[in-house]
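Below is one structure, written out as structure tokens, with a few remarks after it.
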Amino acid sequence: MSGYAGPVGVAWAAACIAARLQSDEADSIAREMLKLLADRPYDDGACDVLVGVAGAAQALMTMADLGYRPAVTPLLQHCGERLRSMAHPGPQGTFWKDATAPKGQPGLTGYSHGAAGIAAVLTRLDTYAFDPSHAALAAGAMKYESLHYDPDRKNWQDLRDWKPGAAPQFSQYWCHGAPGIALGRAAMRAIADTPDLRAEAETALGTTAAFVKATAGKPDEAHCLCHGLPGNALTLARACACTQTVPASCKTAMDDAADAMCAAYGGRQTSFSRSVRDAGTPGLMLGEAGIAYYFLAITERVQTQVLDLQFTPDS
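For what it's worth, the working numbering labels the leading residue of the sequence shown as 33, then goes sequentially.
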């Protein structure tokens with residue numbers, strides 16, 4: 033059950049198409065999928081944004097904004113209940129772990145699979161299906177991630193391969209590390225700004241901007257949305273959009289990424305995948321469709337925001 037896979041993702045995509053094209057057929061598909069979900073919520077026990085119930089909630093909240101609120105409200109309540117029941121709160125903060133997580137692995141940090149994404153979803157969920165525990169869990173998630181923050185690196189530890197006594201590992205992408213955390217904290221700031229949120233968002237944005245500038249144009253940098261240059265650039269753009277501010281360092285980084293991507297693909301007749309590390313993948317988050325989406329996004333031709341499953345109406 034996620035916004036990126038399965039019936040929730042299909043419903044979200046159909047709703048976005050219906051809104052963008054005024055399509056009755058797409059609207060009917062979205063409503064039929066919601067009826068299917070009402071009969072069986074398709075909850076497989078995953079809790080994160082990418083493959084779990086947090087991602088489902090993210091997509092369903094956007095559908096509520098697009099006119100499907102009566103149908104999605106019970107589903108959002110279910111998502112909130114599942115996120116509460118799957119949480120591991122404690123004196124050092126709150127984390128989540130799927131049943132399939134390797135034995136001994138800590139709860140993860142970051143946006144796609146970790147506490148940052150779930151915290152952002154819970155904060156937004158409070159405006160659709162209020163529950164006093166949502167804010168407490170989101171605060172607990174921030175506290176948990178702060179335990180794994182390295183002030184020298186200005187980044188949060190990637191705990192996927194954590195082992196006792198091993199050197200800490202760090203990533204800098206939408207999925208794990210500062211970029212996704214920047215997006216999560218910025219989304220939370222848009223709803224309930226606090227000094228802690230502002231400080232963490234600004235730190236994560238600065239780390240991401242520096243990484244984008246350092247990797248733009250490098251031949252070994254992946255060109256995908258999940259863990260690559262275009263994904264980091266669009267994550268910066270989405271985080272800045274959430275707070276309606278664009279720091280100069282972020283603008284420079286996004287411009288550098290656009291220059292590098294245009295230099296890599298401008299005028300090419302060959303497959304995108306021939307020059308990306310994740311070669312041969314036609315999909316959105318890991319492959320060529322994501323590269324095409326990036327070029328559409330930087331020319332402001334998209335309303336569907338795939339990194340946080342929002343829909344941006346025409347201004």
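We treat Cβ as the ideally placed atom computed from N, Cα and C, and that holds for glycine. Here the structure is a predicted model, which is why all the values come from computation and not from measurement.
Quiz item: Along the chain, which unbroken stretches of the alpha helix (DSSP H) at least 4 residues long are found entirely within the region 131 to 166?
Solution: Taking only runs of at least 4 residues, the alpha helix (DSSP H) segments lying wholly in the region 131 to 166 are 147 to 157.
Practice problem: Take residue 252 as the anchor and find which of 114, 150, 296 has the nearest alpha-carbon. | Solution: Here residue 252 refers to the residue found at position 220 of the sequence shown. Cα-wise, what sits closest to residue 252 is 296.
Exercise. Using the Cα positions of residue 50 and residue 194, report the straight-line distance between them to the nearest angstrom.
Key: For the purposes of this step, residue 50 is taken as residue 18 along the sequence shown, with counting starting at 1. For the purposes of this step, residue 194 is taken as residue 162 along the sequence shown, with counting starting at 1. When the Cα atoms are used, residue 50 and residue 194 turn out to be separated by approximately 44 Å.
Practice problem: Report the three-state DSSP secondary structure of residue 56 (helix, strand or coil). | Solution: Position 24 of the sequence shown, counted from the first residue, corresponds to residue 56. Looking at residue 56 - three-state DSSP - the assignment turns out to be helix.
Self-check item: Cα-Cα separation between residue 131 and residue 80, rounded to whole angstroms
Solution: Indexing the sequence shown from 1 puts residue 131 at position 99. Indexing the sequence shown from 1 puts residue 80 at position 48. Going by the C-alpha atoms only, they are around 12 Å apart.
Exercise. Decide if the region 140 to 150 is in contact with the region 164 to 181; the criterion is three or more beta carbon pairs, one per stretch, under 8 Å apart.
Key: Flag = yes, the region 140 to 150 and the region 164 to 181 touch.
Quiz item: Should residue 190 go down as buried or exposed, given a rule of 16 or more other Cβ atoms within 10 Å for buried?
Solution: Position 158 of the sequence shown, counting from 1, holds the residue named residue 190. By the 10 Å Cβ count, residue 190 comes out buried.
Quiz item: Is DSSP giving residue 36 helix, strand or coil here?
Solution: Your numbering for residue 36 matches position 4 in the sequence shown. Reduced to three states, the DSSP call for residue 36 is coil.
Self-check item: Start and end residues, beta strand (DSSP E) containing residue 110
Solution: The residue labelled residue 110 in the question sits at position 78 within the sequence shown. Looking at the DSSP string, residue 110 is not in any beta strand (DSSP E); the run it does join, the alpha helix (DSSP H), is 101 to 118.
Practice problem: Could you tell me the boundaries of the beta strand (DSSP E) in which residue 212 lies? | Solution: Within the sequence shown, residue 212 is the residue found at index 180, counting from 1. Not the beta strand (DSSP E): residue 212 falls in the alpha helix (DSSP H), residues 210 to 221.
Quiz item: Apart from the five residues on each side of it in sequence, which residues of its chain come closer than 7 Å, Cβ to Cβ, to residue 47?
Solution: One-based indexing of the sequence shown puts residue 47 at position 15. Closer than 7 Å at the Cβ level, and outside the excluded window around residue 47, lie 62, 95, 98, 100.
Quiz prompt | Coil, strand or helix - residue 304 by DSSP | solution = Sequence index remark: in the sequence shown, residue 304 carries index 272 (1-based). Residue placement at residue 304 is poorly supported in this model, since its pLDDT is 45, which falls under 50; the coordinates still yield a value, given next. Helix at residue 304.
Quiz item: In terms of alpha-carbon separation, which member of 182, 215, 292 lies closest to residue 200?
Solution: The residue given as residue 200 occupies position 168 in the sequence shown. Ranked by Cα distance from residue 200, the first of 182, 215, 292 is 182.
Quiz item: In whole angstroms, what is the alpha-carbon distance linking residue 264 and residue 255?
Solution: Position 232 of the sequence shown, counted from the first residue, corresponds to residue 264. Position 223 of the sequence shown, counted from the first residue, corresponds to residue 255. Looking at the two C-alpha atoms, the distance is approximately 10 Å.
Quiz item: In whole angstroms, what is the alpha-carbon distance linking residue 160 and residue 341?
Solution: Stepping through the sequence shown from its first residue, residue 160 is reached at position 128. Stepping through the sequence shown from its first residue, residue 341 is reached at position 309. Cα-Cα distance, rounded: 16 Å.
Self-check item: Top-ranked residue by Cα proximity to residue 76, from 102, 42, 106, 118
Solution: Within the sequence shown, residue 76 is the residue found at index 44, counting from 1. Selected option, being the one with the closest Cα: 118.
Quiz item: How many Å lie between residue 326 and residue 266 at the Cα?
Solution: Taking the first residue of the sequence shown as 1, we reach residue 326 at position 294. Taking the first residue of the sequence shown as 1, we reach residue 266 at position 234. If you take the alpha carbons of residue 326 and residue 266, they lie about 7 Å apart.
Self-check item: Spatial distance of residue 320 from residue 37 (CA atoms)
Solution: Taking the sequence shown and counting its residues from 1, one reaches residue 320 at position 288. Taking the sequence shown and counting its residues from 1, one reaches residue 37 at position 5. Whole-angstrom Cα-Cα distance: 18 Å.
Quiz item: With distances taken between CB atoms, is the gap from residue 92 to residue 42 smaller than 9 Å?
Solution: Taking the first residue of the sequence shown as position 1, residue 92 is located at position 60. Taking the first residue of the sequence shown as position 1, residue 42 is located at position 10. No, the pair does not count as a contact, with Cβ atoms beyond the cut-off.
Self-check item: Buried versus exposed call for residue 184 [16 or more other C-beta atoms within 10 Å across all chains shown]
Solution: Translated into positions along the sequence shown, residue 184 becomes position 152. Burial call: exposed.
Practice problem: Pick out whichever of 134, 133, 115 has its Cα sitting closest to the Cα of residue 126. | Solution: As a working note, residue 126 is residue 94 in the sequence shown. Nearest of 134, 133, 115 to residue 126, Cα basis: 115.
Quiz prompt | residue 294, buried or exposed, once every other Cβ within 10 Å from all chains shown has been counted against 16 | solution = Residue 294 sits at position 262 when you count from the first residue of the sequence shown. Burial call: exposed.
Self-check item: Length of the line joining the Cα atoms of residue 202 and residue 287
Solution: Along the sequence shown, one-based indexing puts residue 202 at 170. Along the sequence shown, one-based indexing puts residue 287 at 255. In this structure, the CA atom of residue 202 is about 25 Å from the CA atom of residue 287.
Self-check item: Nearest-angstrom beta carbon gap, residue 283 and residue 238 [assumed within contact, 8 Å]
Solution: By one-based count along the sequence shown, residue 238 stands at place 206. By one-based count along the sequence shown, residue 283 stands at place 251. Contact doesn't hold; Cβ gap of about 13 Å is too wide.
Exercise. Keeping to the same chain, check which residues put their C-beta closer than 7 Å to that of residue 14; ignore five residues upstream and five downstream.
Key: Not covered by the structure: residue 14. The range shown for the chain is 33 to 347.
Quiz item: How long is the line joining the alpha carbons of residue 280 and residue 128, rounded to whole angstroms?
Solution: The count along the sequence shown starts at 1 and reaches residue 280 at position 248. The count along the sequence shown starts at 1 and reaches residue 128 at position 96. Their backbone Cα atoms lie some 35 Å apart in a straight line.
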